[in-house]
Structures are given as C-alpha cells and as structure tokens.
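Heads up: the structure comes next, in structure tokens.
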Amino acid sequence: MTKGLQVTERDVRKYGKKFRLFSGEQGRIVGYLVSYQRVKNTKGKSVKVRETIHEELYRVFPEIRYVFDRHGVKIAERRKPGEPLYSTGRGYFRNIEQKNKKTGEEKKNGKN
Numbered sequence: 001m002t003k004g005l006q007v008t009e010r011d012v013r014k015y016g017k018k019f020r021l022f023s024g025e026q027g028r029i030v031g032y033l034v035s036y037q038r039v040k041n042t043k044g045k046s047v048k049v050r051e052t053i054h055e056e057l058y059r060v061f062p063e064i065r066y067v068f069d070r071h072g073v074k075i076a077e078r079r080k081p082g083e084p085l086y087s088t089g090r091g092y093f094r095n096i097e098q099k100n101k102k103t104g105e106e107k108k109n110g111k112n
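Residue 1 is where the sequence shown starts when you use the UniProt record's numbering, and the numbers rise one by one after that.
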C-alpha cells in the first residue's frame, strides 16, 4: 500500500505484529487475538498492578494508534481517535501496491 491509504482490520491481522494504543499500552497481535498489559492503580495507592489482557482484535481496533510489522517498522498510524487508520508507506506495505512512475503499471509484492 502506498502512503495514505486506509488500513483495515484484515490488513492489521495479516501484516501487523505489534501495536500501541492511544492510552499508551503496547501489545502483540496473533491472528484474531491481541494481548497487552494494562497498568492499574489500586485504591489510590502508588502501587501499580499489571494485568495481561487477551481480547479480540475487533474490540481493540478503534483504539489502536500505531501498528508495527515484524521488523519493528511503523506501517500504520491513526492521528486522532475516531479517524481511520492510514498506512505510512514504509515496511511491508511499501511493496504491496506501487505504480511505476514511467509506465503507470502496478507492481504487486515488488514484482510486475
């Protein structure tokens, strides 16, 4: 995908490996499931409790701010909550759909 195209939940499942939410939590993507750690303050005390949460991707998808591929390259980002997730044109998405500037032909996965 080139820069600025919308990224769907299916693309995140296929190409994404890690993500970061707007609240700052980081997690991993494994198929339809995601797992991340949430930090909670217990009863106003300074002691922080970390709990690992496993959820379906569709529940967390609207809260995702950044998506990273398996090499740690940011492949998608959402600027504000409620906006669509857009590709950055880097990482694995760089090779998905590119048009040859001279001939106008589309390349898929770096091949003609």
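Just so you know, even glycine gets a beta-carbon here, dropped at the ideal spot from N, CA and C.
None of the values given here were measured: they were computed from a predicted structure.
Please state whether DSSP places residue i in a helix, a strand or coil.
i	result
G27	strand
Y86	strand
R79	coil
V49	strand
K14	helix
F22	coil
N112	Here N112 scores only 45 on pLDDT, less than 50, and its place in the model is too uncertain to base an answer on.
Ignore the nearest five residues each way along the sequence and tell me which others in residue i's own chain have a CB closer than 6 angstroms to its CB.
i	result
R20	Q26, R65 and Y66
S23	none
F61	E9
L5	S87
For residue i, which residues from the same chain have a beta carbon less than 8 angstroms from its beta carbon, with the 5 sequence-adjacent residues on both sides left out?
i	result
E77	R65, Y66, V67, L85, Y86 and T88
Please look up how many angstroms separate the CB atoms of residue i and residue j, rounded, as I've assumed it's under 8 angstroms.
i	j	result
residue 130	R38	The structure shown does not extend to residue 130, since the chain is modelled only from 1 through 112, so no value can be given for it.
R90	K74	7 angstroms
V49	K43	So it is not a contact: roughly 10 angstroms between Cβ atoms.
For residue i, which residues in the same chain have their Cβ closer than 7 angstroms to its Cβ, ignoring the five residues on either side in sequence?
i	result
R70	K17
P81	F22
In the DSSP assignment, the beta strand (DSSP E) including residue i goes from what residue to what residue?
i	result
K40	L33 to N41
R65	I64 to F68
Give the range of the alpha helix (DSSP H) segment to which residue i is assigned.
i	result
L57	L57 to V60
Worksheet item: Are the stretch 75–90 and the stretch 26–43 touching by the rule of at least three beta carbon pairs closer than 8 angstroms?
Response: no
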